[in-house]
Every structure is written in structure tokens, then in C-alpha cells.
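In my numbering, each residue carries its 1-based index in the sequence shown increased by 863.
Some notes on the structure that comes next.
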Amino acid sequence: MDKLSVHQFGCRSDNFGLLLRDPVANLCASIDTPDGETIWRELQSKGWQLTHIFNTHHHYDHVPGNEMLKERTQCTIVGAKNDAARIPGIDILLEDGDIYEFGANNITMLETPGHTLGSVCYFVEPDKILFTGDTLFSMGCGRLFEGSADLMWQSMQKIRALPDETQIYCGHEYTLSNAAFALQVEPDNPALQRRVNDVKALLCAHKDTLPVSLGTEKATNPFLRADCPELQRYFGLQGSAPLDVFTATRALKDKF
Ligand SMILES: [Zn+2]
864 MDKLSVHQFG CRSDNFGLLL RDPVANLCAS IDTPDGETIW RELQSKGWQL
914 THIFNTHHHY DHVPGNEMLK ERTQCTIVGA KNDAARIPGI DILLEDGDIY
964 EFGANNITML ETPGHTLGSV CYFVEPDKIL FTGDTLFSMG CGRLFEGSAD
1014 LMWQSMQKIR ALPDETQIYC GHEYTLSNAA FALQVEPDNP ALQRRVNDVK
1064 ALLCAHKDTL PVSLGTEKAT NPFLRADCPE LQRYFGLQGS APLDVFTATR
1114 ALKDKF
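Put into C-alpha cells, the structure is as follows:
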């Protein structure tokens, strides 16, 4: 049976374009709009009609195609109530835990502040797909432009509570540089070493390094591992609160 699928493609220099397609209900959603013309061309080449935009946050490289695509398609724009003033053309305002019915699939909005105060993720059930925007990257997390480390660590824990088989799609292809940092702080992590080898092979074959399972991220992403003893040792913070380790990890990555 035709089922929900995600079409991923490059946008701008390192953004991902993402189209979530439900062939049964004939729905198609763009997750953010990093480049309206590129997204429009992908829609034309697939023969898909855009029905929705789900915005993860207000940054200039995540919303610039909103108004142009809405004008051409009359699509519905969904975003965070918290950030309604900064999401161009927003129609549907969601709060933490709200469920949006996308055909027969439920999409739960999770507030995950930190990168910006209005940053959110979208969890698609029953397929267990998570769109994380710039909150979580493979082996990395977003910079703290507006939120505190405390808020971001709470957001990391919210994501970490989802099932391991969840497939993560994020806003940018930053994986290789994130991998170099992850290896610096956790050089002896065998799961991390395996993931880095896989990532290099994917990039050599000109393939994307996303999606990735949340289980792999839990085993390799230092920003999800602030309570792991090896990271505590690296920062000389044995016995410290995970928030201290997370804060130190984020601060070091800012200078990396
Ligand atoms: Zn951003």
C-alpha cells in the first residue's frame, strides 16, 4: 500500500528541503521553506500539490518561501503559537503537545526551545518520523541564539524520550563537522566510530547523512549524552549535574 514518505533534497548551501507526502489523502507538506523556488521545482517534478507548510522556527533560512508558496498553492501554514508573530502567513497556531491531523496520521507538535525561544519539532505517528529543524542535528544541536543551556537540555531530554526507532530529519547537513567534534569529546565510543565511518561512506557516495535513527543519535550525539561518564570525565566534571556537562559541551562546540 502507498504510505507516508519523506522526500529530502538540498536547498541553499546546506539546508535540507523536506516534503512529507501522504498519497492516500493526497496531502503534501513542506517542512520549513528554505528556498521557495527550489521547493516549487521539486513539487512540479514530482507532480505534487503542496497542501501544508510546517515551520520549525522563524530563522531567515527556514521561512523565506512561506508567502510565495502560499500564494501559488493556497497551502495551510502551521507553526508555534509562541512564535506566530515571526512566522510569515501562519494559519494554524499550535502549542506543546497539540496534535494536528494530517490525513489519517497524527502530527504532534513538541515545543523544544533553546536554538530560538519558539523552536519546535514535529513528531509524525504512526510512522515515528521526527522533524527537528535546528534543534537537533546528527551528532549536534543548534546554537543557543535565544534560549539558555537549561532550556535546550530540557528540549534534548524531551527528544530523547521518544522511541529509538524514530527517524530524525533535521534542517541542515552539518553531520561531518559535528562528527569531528563528537570524536574529540568521546574518542573511545565504538558506536560513534561506526557512525562516523558510515557518514564518510555516505558523503563519498554523494548521499545525505540524514535521516538517522534516534537510537543511533542517543549512542553518538554528545548533546544527548550529558549524563554519560565518559563525557563527564572529558570535561573534568565527574559527579556533576548533566546540565553542567551539557553547558560545557555547547560552549566548547561554539569555539570548535
Ligand atoms: Zn535556525
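We put the beta carbon where it would ideally sit given N, CA and C, even for glycine.
Only a predicted model underlies this, so the values are computations on that prediction, with no experimental measurement involved.
Contact with chain C by residue i, beta-carbon distance below 8 Å
i            : result
residue 1113 : Given the protein chain composition of this structure (a single chain), no chain C is represented.
Cβ-heavy atom distance, residue i to ligand 1, below 7 Å
i            : result
residue 1005 : yes
residue 877  : no
residue 885  : no
residue 915  : no
residue 920  : yes
residue 946  : no
residue 842  : Not covered by the structure: residue 842. The range shown for the chain is 864 to 1119.
residue 925  : yes
residue 978  : yes
Per-residue burial, residue i [other beta carbons within 10 Å of its own, 16 or more giving buried]
i            : result
residue 1101 : exposed
residue 1067 : exposed
residue 887  : exposed
residue 866  : exposed
residue 1000 : buried
residue 1032 : buried
residue 1116 : buried
residue 868  : exposed
residue 1018 : buried
residue 1058 : buried
residue 962  : exposed
residue 889  : exposed
residue 895  : buried
residue 905  : buried
C-alpha gap between residue i and residue j, whole angstroms
i            : j            : result
residue 1054 : residue 1119 : 22 Å
residue 1090 : residue 1099 : 13 Å
residue 1093 : residue 1049 : 7 Å
residue 1097 : residue 1111 : 10 Å
residue 1125 : residue 903  : As shown, the chain starts at 864 and ends at 1119. That puts residue 1125 outside it, with no answer to give.
residue 992  : residue 875  : 23 Å
residue 1010 : residue 1030 : 25 Å
residue 966  : residue 1103 : 46 Å
residue 934  : residue 882  : 18 Å
residue 1064 : residue 1039 : 11 Å
residue 1070 : residue 1042 : 16 Å
residue 1080 : residue 1002 : 6 Å
residue 939  : residue 954  : 6 Å
residue 897  : residue 1085 : 27 Å
residue 1125 : residue 907  : Absent from the structure is residue 1125, since the part of the chain shown begins at 864 and ends at 1119.
residue 1028 : residue 1075 : 9 Å
residue 1108 : residue 942  : 31 Å
Contacting residues, own chain, Cβ-Cβ under 7 Å from residue i (five flanking each side not counted)
i            : result
residue 951  : 926, 929 and 930
residue 1046 : 1055 and 1059
residue 976  : 982, 1010, 1014 and 1018
residue 1087 : 1019, 1023, 1080 and 1081
Whole-angstrom C-beta distance between residue j and residue i, which should lie under 8 Å
i           : j            : result
residue 872 : residue 1073 : Between residue 1073 and residue 872 the Cβ distance is about 12 Å, and since that is not below 8 Å, they are no contact.
residue 949 : residue 911  : Going by Cβ atoms, the distance from residue 949 to residue 911 rounds to 27 Å, so no, they are not a contact pair.
residue 981 : residue 924  : The pair is not a contact, with the Cβ atoms about 15 Å apart (cut-off 8 Å).
residue 915 : residue 892  : 4 Å
residue 944 : residue 956  : 4 Å
Sequence-distant residues of the same chain with beta carbon closer than 6 Å to residue i, five excluded per side
i            : result
residue 1036 : 877
residue 988  : 969
residue 936  : 913
Beta-carbon contacts of residue i that lie in its chain and below 8 Å, excluding the five residues immediately before and after
i            : result
residue 973  : 959, 960, 983, 984, 985, 986, 1021 and 1022
residue 1106 : 1012, 1013, 1016 and 1089
residue 978  : 920, 996, 997, 998, 1004, 1005, 1006, 1007, 1008, 1009, 1010 and 1015
residue 1051 : 1093
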